[in-house]
Amino acid sequence: MGIRERLDSLSRAELTGLVIVVAVTLVGAGLWYLRSLPKPVAIAASSGTAGVASVAAEASASPTGPPLIVDVTGWVRRPGVYEFAQGDRVIDAVERAGGAKPNADLSVLNLAAPLTDGSQVVVPKSGGGVTGATGSGGTGATPGALLNINTASAADFESLSGIGEVLAAAIVDYRTENGPFASVDDLEDVSGIGPATLEEIRDQITV
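Letter by letter, the sequence shown follows residues -17 to 189 in the working numbering.
Dropping the structure here:
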């Protein structure tokens, strides 16, 4: 008797049972095959190696010394006092202050010079007649020369006719909050300076 005739002679229940047996056999064979395949071996770094890497990462991220506090002023977009890390350069100070404004003269600065704590970086305007400075003090005023209102300190302003300690501080505060003056006439925007005061000092100042 052939296989087909044998299958035809089976009842529905016997045929169903046969199908189930065949299916189970095939599934079992498939699982056995999958389990027999080689498995990839995961190689984990040793705790010693991981510890060294972690320490190295922390060492590279940690500062090598106390922070540097530097005053960045002049022809930059956001003049102010900023904190820097040891090893930062003058170019980093200019970029932190928003970058130089159009017509700024960066050629007078040594952009590669390292920053020092308590120093001041002054970015002058091109054609302003003022030399950019990086040092521990302000730019100061040269006797007989016009005072640049964008780089002068409060003490420098006090040397002008009719400008006292309070008004000098107001000028510096206004410049810090609003950026460098575009012209001498902008001093009138400072509270306490009117047309009369400006005319009194006009021949002593410049931008």
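Glycine included, each C-beta is placed from N, C-alpha and C at the ideal position. Owing to the predicted nature of the structure, the values given are computational and were not obtained by experimental measurement.
Residues of its chain near residue i, where Cβ-Cβ distance is below 7 Å and the 5 sequence neighbours each way are ignored
i    : result
G33  : Since pLDDT at G33 reaches only 45, below the 50 mark, its modelled position is unreliable, and the value read off the structure follows with that caveat. Cβ neighbours of G33 beyond the five flanking positions: none.
K83  : W57, V58, R59
I183 : L142, S143, G144, I145
A128 : The question names Ala, but residue 128 is Leu in the sequence shown. Cβ within range, chain order: Q186, I187, T188.
E147 : E140
Exposed unless 16 or more other CB atoms sit within 10 angstroms - verdict on residue i
i     : result
G161  : buried
R157  : buried
Y64   : buried
D171  : exposed
N130  : buried
T7    : exposed
A150  : buried
D185  : exposed
I25   : For I25, the pLDDT reaches just 44, beneath the cut-off of 50, and the residue's location in the model is therefore unreliable, leaving the point undetermined.
V104  : buried
V1    : exposed
N85   : exposed
L169  : buried
E(-4) : exposed
D167  : exposed
T133  : buried
A11   : exposed
Distance between beta carbons of residue j and residue i, contact taken as under 8 Å
i    : j    : result
V58  : V76  : 6 Å
D70  : L91  : About 14 Å separates the two Cβ atoms, so there is no contact after all.
A152 : G174 : 6 Å
Residues of its chain near residue i, where Cβ-Cβ distance is below 6 Å and the 5 sequence neighbours each way are ignored
i    : result
D87  : P106, S108
E159 : none
V4   : none
T55  : P61, V104
A136 : A150, A151, V154
T179 : G144
Cβ shell of residue i (< 8 Å), same chain only, five flanking positions each side left out
i    : result
G81  : V58, R59
A164 : V189
D74  : F66, L97
L13  : none
Closer than 7 Å: residue i CB and nearest the ligand COA heavy atom
i    : result
N130 : This structure lacks the ligand COA; in fact it carries no ligand of any kind.
Legend entry - Ranges of the beta strand (DSSP E) found wholly within the segment 44 to 117, counting only runs of at least 3: Fully enclosed beta strand (DSSP E) runs of 3 or longer: 50 to 56, 62 to 66, 102 to 105, 115 to 117.
Legend entry - Segments assigned beta strand (DSSP E), at least 3 residues, entirely inside the segment 138 to 168: The segment 138 to 168 contains no whole beta strand (DSSP E) run of 3 or more residues.
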